[in-house]
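Those sequence lines, one after another, are chains A and B. The first sequence begins at 1 in the numbering used here and counts up by one. The second sequence begins at 1 in the numbering used here and counts up by one. For every residue, glycine included, the Cβ atom is placed at its ideal position computed from N, Cα and C.
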Amino acid sequence: MECIGTRIIGAYDACVVGSGHAACEAALALSRLGKSVAMVTLNANNIAGMACNPAIGGPGKAQIVREIDALGGEMALAADEACLEMRILNQSKGPAVQSLRAQCDKRVYSGHMRAAIMKERRIALVEGMVTGVLTGDGTVEGVVLSDGRRVLGRAVVLATGVYLESRTIVGPEVKISGPMGEPSARGLSASLVKLGLEVGRFKTGTSPRVRRDSVVWDRVRKEEGAAVPLALSFMSVPRVWDFDACYSTETCEATHEIIRANVSRAPLFNGTIVGTGPRYCPSIEDKVMRFPERKRHLVFLEKESRDSDEIYLLGLSTSLPLDVQEEMLRTIRGLERAVISRPGYAIEYDYVLPNQLKPSLETASIPGLFLAGQICGSSGYEEAAAQGLIAGINASRYLDGKEPLVLGRDQAYIGVLIDDLVSSPITEPYRMLTARAEYRLLLRQSNADLRLTPIGREIGLVSDERWAVFETRRGQVELGRKLLNREICGRRAGDYLRRPGSSIEELMKDMPELCELDADVLEEVETEARYAGFIERQESEVRRLQRWSGKRIPPGLDPDLVPGLSRETKDKIRRYRPATLGRAADLGVSPVDILVLGAYLQGRPAGGE
Amino acid sequence: MQGETIAAIATPRGTGGIAIIKISGKDAVAVAAGCLSPRGARKLSRARGYSVFFDRVVSPVSGETIDETIVLLMRSPRSYTGEDVVELQCHGGELVAEKVLDAVLSRGARMAEPGEFTRRAFLNGKITLDEAEAVLDVVLARTDRALRQAFLRLEGKLGKSVLGWRDKIAAVLAMVQGALDFPDDITLRDEDVVPALEEVTAEIDSMLKDGVLGLALTAGVELALVGRPNAGKSSLFNALLGEDRAIVTEVPGTTRDLLRERVQWAGIPVVLVDTAGLRETREIVEAIGVERARKAAEESWVALYVVDASRPLTGEDWYWLERWRDRRVVVVLNKADIAPEHVKRDISAVVAVKTSFPVVEVSARTGWGLEKLKETVIGMFEGADRESVVPGSARQVACLRKAREALGRALEAWREGWTWDVVASEMEDACRVLDEITGSRISEDVLGEIFSRFCVGK
Ligand SMILES: Cc1cc2nc3c(=O)[nH]c(=O)nc-3n(C[C@H](O)[C@H](O)[C@H](O)COP(=O)(O)OP(=O)(O)OC[C@H]3O[C@@H](n4cnc5c(N)ncnc54)[C@H](O)[C@@H]3O)c2cc1C
Ligand SMILES: Nc1nc2c(ncn2[C@@H]2O[C@H](COP(=O)(O)OP(=O)(O)OP(=O)(O)O)[C@@H](O)[C@H]2O)c(=O)[nH]1
Ligand SMILES: [Mg+2]
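(1) Could you name the residues of the region 93-114 of chain A whose beta carbon sits closer than 8 Å to any beta carbon of chain B, in the order they occur along the chain?
(2) Here's the rule I'm using: 16 or more other beta-carbon atoms within 10 Å means buried, otherwise exposed. How should Ala254 of chain A be labelled?
(3) Would you decide whether Val353 of chain B is buried or exposed? Buried here means 16 or more other CB atoms lie within 10 Å of its CB.
(4) Can the beta-carbon of Thr276 of chain A be found closer than 9 Å to that of Thr427 of chain A?
(5) Is Leu421 of chain A close to ligand 1? I mean its beta-carbon at under 8 Å from any heavy atom of the ligand.
(6) Sorry if obvious, but does the Cβ on Glu182 of chain A come closer than 8 Å to a heavy atom of ligand 1?
(7) When you compare only the Cα positions, how much space is there between Ser310 of chain B and Val226 of chain B?
(8) How many whole angstroms separate the CB atoms of Ala252 of chain A and Leu301 of chain A, which I take to be in contact at a CB cut-off of 8 Å?
(9) So is Lys509 of chain A buried or exposed if we call it buried at 16+ other beta carbons inside 10 Å?
(10) Using DSSP with H/G/I as helix, E/B as strand and the rest coil, what is Lys402 of chain A?
(11) With C-beta atoms as the reference, is Ile268 of chain B less than 9 Å away from Gly220 of chain B?
(12) Using CA atoms only, rank isn't needed, just tell me which of B:Lys126, B:Ala430, B:Asp84, B:Leu223 is closest to Arg537 of chain A.
(13) Please state if the CB of Asp67 of chain B and the CB of Val483 of chain B are separated by a distance shorter than 9 Å.
(14) Closer than 8 Å by C-beta to Glu203 of chain B: which residues in its own chain qualify, once you throw out the five before and the five after it? Chain order, please.
(15) Could you check whether the Cβ of Ile473 of chain B sits closer than 8 Å to any heavy atom belonging to ligand 2?
(16) Give, in chain order, every residue of the region 49-73 of chain A whose Cβ lies closer than 9 Å to some Cβ of chain B.
(17) Are the C-beta atoms of Ala430 of chain B and some chain A residue less than 9 Å apart?
(18) Taking Phe534 of chain A as the query, report the chain B residues whose CB atoms sit under 7 Å from its CB, ordered along the chain.
(19) Tell me the rounded alpha-carbon separation between Ser19 of chain A and Asn45 of chain A.
(20) How many Å lie between Ala23 of chain A and Ala372 of chain A at the Cα?
(21) Helix, strand or coil for Ile193 of chain B, going by three-state DSSP, please let me know.
(22) Please report the distance separating the alpha-carbon of Gly533 of chain A from that of Arg87 of chain A.
(23) What in chain B is Cβ-close to Thr434 of chain A, meaning under 8 Å?
(24) Cα separation between Met74 of chain B and Thr5 of chain B?
(25) Is there a C-beta anywhere in chain A that falls below 9 Å from the one on Glu416 of chain B?
(26) Could you give the distance in angstroms between the alpha-carbon of Ser256 of chain B and the alpha-carbon of Thr580 of chain A?
(27) Quick check on Ala384 of chain B - is its C-beta less than 9 Å from some C-beta in chain A?
(28) Anything in chain B within Cβ reach of Asn447 of chain A, meaning under 7 Å, just list it in chain order.
(29) Can the beta-carbon of Ser92 of chain A be found closer than 9 Å to that of Ala62 of chain A?
(30) May I ask whether a heavy atom of ligand 3 can be found less than 8 Å away from the beta carbon of Asp274 of chain B?
(31) For chain B, is any of its Cβ atoms less than 9 Å away from the one on Arg296 of chain A?
(32) Among B:Thr281, B:Leu321, B:Gly315, B:Val172, which residue has its Cα nearest to the Cα of Ala297 of chain B?
(33) When you compare each of A:Arg212, A:Glu67, A:Thr527, A:Gly490 to Ser341 of chain A by their alpha carbons, which one comes out closest?
(34) Let's test the definition: count the other Cβ atoms within 10 Å of the Cβ of Asn485 of chain A and tell me whether it reaches 16, buried, or not, exposed.
(35) Does the beta carbon of Pro500 of chain A sit closer than 9 Å to a beta carbon anywhere in chain B?
(36) Is Val144 of chain A close to ligand 1? I mean its beta-carbon at under 8 Å from any heavy atom of the ligand.
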């Protein structure tokens, strides 16, 4: 397909730039919806690479993975195939926050994604560095590469991750480079600025890797995976994953002393790093300086793949100089003689301020140009993949002239993620937290399919096979609900479950039909019944708030047309284009202006005029 | 700033010392200048910031002088509404004030709607929602105590307490959410959650207790006098009032309609309601009266159940006392001057056994026991001797109650071993409702409801 000599090397329906987690979902969605796709990447051998820890899932993130799966995305399938060990986090803390976390073999994960992409005959993989976006009449027409080649596409999805003008930092050593020794992507960011987009600078970091044979394994604790069969994808057969992949140890006072003594050499604290880092994924130097009262911090030792010689040290993200990293390890039980194979480093990169995007992830100013993943200011594989999927779906719908898919905050974590990104000020790399979802009792990982698979089906990403699996499960759930509505000894069976400590197994004696249901279905209907009171209250709260805070603000609203709005509010509306009155209130728009806006939207002015 | 300029007479109708005509809006200065002498108009237009001067109000139609006036200018944003405000202080007298207002309106101002000045103050960010409600209370305050309370609220004291609670809950919430999102890093113990929530719960409880008082302070409490015909309700009504207001005869069924009069007890506005005697009757007018009496008893804050203590209680008395067992009732043994000692003792004893109502002996005829009766009622305002801030509107009380319930559910869920996700959601609920009190989260219905209570001119 690559014809050297001509400058235009192909015309496609869409160009996807990148081959990371966002790019893979975007390209797959486009192709599966019938579009031809050019996937342009710096390194065609690095597909869906995990630059940081070798795990998929966790609180807030597992829910996203399940939602991607329910809509017909690939991430959960890849994680299941690559899984070494799976754990249920927050098991005792409630179904709303219960989250699977799969520790994965990085190579198998990449291999799965590569195969999925190769299987799509409509995707062409192109290696090269994109330096500009082509536009004509203000509309996207394709991309241009550093060597002058052009790839045409009527829609473009940029999923360039942490590569834009990136610098890596280890102590005093600053290099113009991407992650893991890859090149930095130069020029594209400037071309986006030329198109009128505003960019900012963030940073993130990763932990040192140590040689497997240099760890004293009997001085660290083994972390057991779950002993019950589990799977991330609704399409996978649950299994017990028993590869012994994870161990733990912890830092101590001596470690913290070393960090304090060397803090002046920490790029984070001496001004070398200017980008803002993620508060929720802090480096060890950050943790020690911010929480001086903590005597120790946990460190997890994770195998990066079945046969790799490298161990990832979760919890030790750092950009301190190499000699300090080595000295630190000397003080940590089990790592006293550890040999660093790759030092921890920080990476600083450009991102595009996501308030310039519509909730469809299309840029507001350039029709056909979509952004997804870390380029939008997010952080994390799952967050990236979710945006990739939505950008892919909406790029396809844009090409078809259809309305974009926008998920609500009460519908999916993905809805929360994108709404937060496009309509609130992002001041640090955005990581999903369950606390960000106000309707989290409704947004469980266990019901992602019930919430979203019908939508995925309508869009065209849910295959017949997945649909059949879904319909069986939905049928069972409905049967289970019906059974729990029946009376046992004069009481609704479901009401028995409203007591904490009760279990659906106790009901099975009196209701043998329950035994016919699959374990996951039992768990789902049990949760629904047990939390019914809380869930109903949350649902009615959703409705109550939607009466005013759910009132939609039309995306094209010119705030100057609303009489009586303060200048500050007008600026906020222009900058963040909040989708609803409630979001505007969250942005700190004064109650007064909320009223004025609400009254305007209702077609009558406020203040009795 | 709102579009139109509004005006109203800000002082009560009728003849008073002075009348104030208040004008607010971006054309306030021009409107007022149009009603002054040429010299006054010039002076006003040139004035910056606050200024006060003496002038005449001149009819724009005839050019005649309507009245002398003191002109008070407060430039935006340093005024009550945050807009340009001009006040014209004239001599009292209904006709004069109306004429001045007419002049102002003919110069392009519009008649203000009820509560519109305060609504603008709120809309222009000059006051918060709870302060706006307090303004209303100051305007409506009928007693000294009510006024003091209203001023406390006006200074934002209620808002400060609410913000304090919200912060406390939010701090616990952050910890719980941290534990949910970072399972490896944060552990939670009972003492991280329970004491703080219990403390806020107790504080809200105590404010809620006072809340009843708060409502009483602003709106006044209703006291219905009910009982069988001829028990002496109307006599007692007159005695408590200190004037001969209701008709008293020895004919049972004298009183037909409700009678209301306002008195003050310990600085609290009290509305006394005299009612028709309760009995079965075929007579249509009386039957309507009895129905009204029942409703008055059930809508009142306390019912004084008056009995003729010179004879034993009847089955009908027991019917009503039974029916109102869960309400606030004081059983008043009237005609103590003529009632035999053993009959009074018997009634007191049986009432004490069958109900938990307080019993007070009085004589409407001699006035004996009336002080004791007042004390008993006043004692029913829990915390009546406290000077702390209390919520002043039913809306605030309702929000506090909701927050209290959500906190209660959070604590219960925690203790019963419900999962933390539920606990966190309940705490979030509590924060949301507290935000509604200060108005940092609001709905339009709420605002409409509040501001429609304001009288014109405030
Ligand atoms: C050092 C480091 C530390 C991290 N730490 C954390 C953490 O602590 N917590 C956390 O949640 N997440 C962390 N991550 C983030 C996580 O890895 C990313 O959020 C996620 O991988 C982003 O996915 P993406 O698809 O947006 O981009 P990436 O996975 O970064 O993929 C970008 C893709 O775009 C391609 N590309 C870039 N520019 C061009 C161009 N001009 N032309 C052609 N191709 C281009 C690249 O070749 C690559 O294929 C870290 C990442 C790094 C690198
Ligand atoms: N001795 C004595 N007589 C009283 C007292 N209170 C009321 N009476 C008399 O009782 C009779 C009825 O009094 P009212 O006050 O009219 O009684 P009422 O309960 O209002 O009666 P209705 O309006 O008919 O329901 C009158 O003749 C009063 O003079 C009292 O304290 N002592
Ligand atoms: Mg009477």
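In this structure, then:
(1) Lys93, Gly94, Pro95, Ala96, Val97
(2) For this step, residue 254 of chain A is matched to residue 254 along the first sequence. Ala254 of chain A is exposed by the Cβ-count criterion.
(3) Locating residue 353 of chain B in the second sequence gives position 353, where the first residue counts as 1. So Val353 of chain B ends up on the exposed side.
(4) Looking up residue 276 of chain A in the first sequence gives position 276. Looking up residue 427 of chain A in the first sequence gives position 427. Yes.
(5) Within the first sequence, the letter at position 421 stands for residue 421 of chain A. Result no, Cβ not under 8 Å from ligand 1.
(6) Within the first sequence, the letter at position 182 stands for residue 182 of chain A. Yes, the beta carbon of Glu182 of chain A sits closer than 8 Å to at least one heavy atom of ligand 1.
(7) Taking the first residue of the second sequence as position 1, residue 310 of chain B is located at position 310. Taking the first residue of the second sequence as position 1, residue 226 of chain B is located at position 226. Each residue's Cα considered, the two are about 17 Å apart.
(8) Within the first sequence, the letter at position 252 stands for residue 252 of chain A. Within the first sequence, the letter at position 301 stands for residue 301 of chain A. The sequence shown places Cys at residue 252 of chain A, rather than the Ala named in the question. Between Leu301 of chain A and Cys252 of chain A the Cβ distance is about 16 Å, and since that is not below 8 Å, they are no contact.
(9) In the first sequence, residue 509 of chain A corresponds to position 509, counting from 1. It is exposed - the Cβ of Lys509 of chain A has fewer than 16 other Cβ atoms within 10 Å.
(10) Stepping through the first sequence from its first residue, residue 402 of chain A is reached at position 402. Residue state, collapsed to three classes: coil.
(11) Mapped onto the second sequence, residue 268 of chain B falls at position 268. Mapped onto the second sequence, residue 220 of chain B falls at position 220. Yes; because the gap between Cβ atoms is below 9 Å, this pair is in contact.
(12) In the first sequence, residue 537 of chain A corresponds to position 537, counting from 1. Checking every option, the nearest Cα to that of Arg537 of chain A belongs to B:Ala430.
(13) This structure does not reach residue 483 of chain B, given that chain B is present from 1 up to 458, and the question cannot be answered.
(14) One-based indexing of the second sequence puts residue 203 of chain B at position 203. For Glu203 of chain B, where only same-chain residues beyond five positions count, the Cβ hits under 8 Å are Ser161, Trp165.
(15) No answer is possible for residue 473 of chain B: the residues shown for chain B start at 1 and end at 458.
(16) Gly58, Pro59, Gly60
(17) As a working note, residue 430 of chain B is residue 430 in the second sequence. With 9 Å as the cut-off, Ala430 of chain B does not count as an interface residue toward chain A.
(18) Position 534 of the first sequence, counted from the first residue, corresponds to residue 534 of chain A. Those are Val422, Ser425, listed as they occur along chain B.
(19) As a position in the first sequence, residue 19 of chain A is number 19, starting the count at 1. As a position in the first sequence, residue 45 of chain A is number 45, starting the count at 1. C-alpha separation (whole angstroms): 9 Å.
(20) Counting from 1 along the first sequence, the entry for residue 23 of chain A is found at position 23. Counting from 1 along the first sequence, the entry for residue 372 of chain A is found at position 372. Each residue's alpha carbon lies about 8 Å from the other.
(21) Counting from one through the second sequence, the residue named residue 193 of chain B turns up at place 193. The sequence shown places Val at residue 193 of chain B, not Ile. Helix.
(22) Locating residue 533 of chain A in the first sequence gives position 533, counting from the first residue. Locating residue 87 of chain A in the first sequence gives position 87, counting from the first residue. Approximately 29 Å between the Cα atoms of the pair.
(23) One-based indexing of the first sequence puts residue 434 of chain A at position 434. Residues of chain B passing the Cβ test: Gln177, Leu180, Asp181, Asp421.
(24) Taking the first residue of the second sequence as position 1, residue 74 of chain B is located at position 74. Taking the first residue of the second sequence as position 1, residue 5 of chain B is located at position 5. Each residue's alpha carbon lies about 14 Å from the other.
(25) As a working note, residue 416 of chain B is residue 416 in the second sequence. Output row for Glu416 of chain B: interface = yes.
(26) Locating residue 256 of chain B in the second sequence gives position 256, where the first residue counts as 1. Locating residue 580 of chain A in the first sequence gives position 580, where the first residue counts as 1. Rather than Ser, the amino acid found at residue 256 of chain B in this sequence is Arg. Whole-angstrom Cα-Cα distance: 56 Å.
(27) Stepping through the second sequence from its first residue, residue 384 of chain B is reached at position 384. Caution is warranted here: a pLDDT of 44 is assigned to Ala384 of chain B, below 50, making its placement in the model unreliable, and no coordinate value can be reported.
(28) Stepping through the first sequence from its first residue, residue 447 of chain A is reached at position 447. Chain B residues near Asn447 of chain A: none, gap ~14 Å exceeds 7 Å.
(29) The count along the first sequence starts at 1 and reaches residue 92 of chain A at position 92. The count along the first sequence starts at 1 and reaches residue 62 of chain A at position 62. No, the pair does not count as a contact, with Cβ atoms beyond the cut-off.
(30) Here residue 274 of chain B refers to the residue found at position 274 when the second sequence is read from its first residue. Yes.
(31) Translated into the one-based positions of the first sequence, residue 296 of chain A becomes position 296. Judged by the 9 Å Cβ criterion, Arg296 of chain A is not in contact with chain B.
(32) Indexing the second sequence from 1 puts residue 297 of chain B at position 297. It is B:Leu321.
(33) Position 341 of the first sequence, counted from the start, is the residue given in the question as residue 341 of chain A. Comparing Cα positions, the closest option is A:Arg212.
(34) In the first sequence, residue 485 of chain A corresponds to position 485, counting from 1. Looking at its Cβ environment, which holds fewer than 16 other Cβ atoms inside 10 Å, Asn485 of chain A is exposed.
(35) For the purposes of this step, residue 500 of chain A is taken as the residue at position 500 of the first sequence. Output row for Pro500 of chain A: interface = yes.
(36) The residue given as residue 144 of chain A occupies position 144 in the first sequence. Not under cutoff, so the answer is no.
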